[in-house]
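In terms of numbering that gives the first Met the number 0, the sequence shown has 74 at position 75, counting the first letter as 1, and numbering is strictly consecutive. Built from N, CA and C at the ideal position, the CB exists for glycine as well. Since the structure comes first, as structure tokens, the remarks are kept for the end.
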Amino acid sequence: MDNLIGIGETLLISCVNGLLFALFACQPLLNVGATGPLMIFHMSLYHFAKTYELDFLSLRVWIGVWMTVFGLLVAAFEAVAIVKKFTRFTEEIFSTLKIFVI
């Protein structure tokens, strides 16, 4: 990816993210880091940015900002309660999709 994000940067930011998450989220045993679907997303985003001549790192930062805003809105309005409406079928479909991506 044109030397923008490599293995070293990914490991470093995963360490920082894991430490901050363990300190502030009160869930130190949760696995936080780079996964297969995340790498596929980064590659797709990079190709999208290159096709439309956008700056990849700026685009990635703005995606992070929007994810933060949506996460705060979901938490503020307790929108997570909608999970009660999901059926086991929905969960199984999502799990199957993850298996095919990984």
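- Closest by C-alpha distance to Leu44, out of Thr89, Val31, Leu18 and Leu3, is Leu3.
- For Ile12 and Leu96, the gap between their C-alpha atoms comes out near 27 Å.
- Within the region 28 to 52, the complete alpha helix (DSSP H) segments at least 4 residues long are 35 to 50, listed from N- to C-terminus.
- Per DSSP, the continuous alpha helix (DSSP H) segment holding Ala74 begins and ends at Phe55 to Ala75.
- Under the three-state reduction of DSSP, Asn2 is assigned to coil, being neither helix nor strand.
- Taking the Cα positions, Phe99 is about 30 Å away from Ala24.
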